[in-house]
Amino acid sequence: MSDSPPASREAAPRADAPRPRLSVVMATYNRLALLTRLLEQLGRQTLPPSDYEVVVVDDGSKEPVREPLEALAKTLPYRLWVEGQQNAGAAAARHRGVTRARGDIVLITDDDMQVPEDFLQRHLEQHPPGSRHVILGRIDPDPAIQDMPLFERWYAYLHDRLAQRLDAGGARGFNLYTG
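Each residue of the sequence shown is one higher than the last, beginning at 23 in our numbering.
Next up, the structure:
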């Protein structure tokens, strides 16, 4: 799959378009139903839609992704961008999404997440202006997803253990060294 135009009402961001405060980036591979559920939840956020955008990178799914997301984008209050690439793995897809993101802050999440309505607002509250924080959150695999590969379950377990060890009673950021 080649680099494709965004699935939004505009072909590309206008030069005078304001940058969103937050870009939500996610990779997807053959999980259209779960991804759609998450994108709809992101459409019900308490954060104003002009404050965020969502970038989805399809990592060469075998099922159609672009067309259903283009249709869904017309119903969402925020700007949705869809990129495509040949299957190169989640890390490569996330990297591509971060490169495409225009927000001041980038939130990377998985396509099978479920988020409460204040998810983005609460995330932004942990990033004071001018900060360079990295925030690590808890991963609770959805028990309804029976086909989650063993590696992903193991990764979620390890990620959760690390988050527990670093937790100091609530969300806590880490300063990011940028060179």
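No residue lacks a Cβ here, since even glycine has one placed at the ideal position from N, Cα and C. The model shown is predicted, which means the values in this text are computed figures rather than measured ones.
For residue 156, count neighbouring Cβ atoms within 10 angstroms of its own Cβ and tell me buried if that reaches 16, exposed if not.
Here residue 156 corresponds to residue number 134 of the sequence shown, with the count starting at 1. When all chains shown are included, residue 156 counts as exposed.
Since residue 103 sits in a beta bridge, which residues does DSSP pair it with?
In the sequence shown, residue 103 corresponds to position 81, counting from 1. Partner(s): 77.
May I ask which residues mark the beginning and end of the alpha helix (DSSP H) holding residue 203?
Look at the range of the chain in this structure, 23 to 201, and you will see that residue 203 is not part of it.
My understanding is that residue 100 touches residue 64, with C-beta atoms under 8 Å, so please give their C-beta distance in whole angstroms.
The residue labelled residue 100 in the question sits at position 78 within the sequence shown. The residue labelled residue 64 in the question sits at position 42 within the sequence shown. Sure, about 7 Å apart at Cβ, within 8 Å.
Quick one: complete beta strand (DSSP E) runs, 3+ long, within the region 107-135?
Counting only runs of 3 or more, we get 127-132.
May I ask you to report which of helix, strand or coil DSSP gives residue 149?
Translated into the one-based positions of the sequence shown, residue 149 becomes position 127. Looking at residue 149 - three-state DSSP - the assignment turns out to be coil, as it is neither helix nor strand.
Just checking my contact of residue 42 with residue 124 at CB under 8 Å: how many whole Å lie between their CB atoms?
Taking the sequence shown and counting its residues from 1, the one referred to as residue 42 is at position 20. Taking the sequence shown and counting its residues from 1, the one referred to as residue 124 is at position 102. With a Cβ gap of about 6 Å, residue 42 and residue 124 count as contacting.
For a test of your reading of the model: does the CB of residue 73 fall under 7 Å from any non-hydrogen atom of the ligand MG? Yes or no.
Among the components of this structure there are no ligands whatsoever, and the ligand MG is therefore not found.
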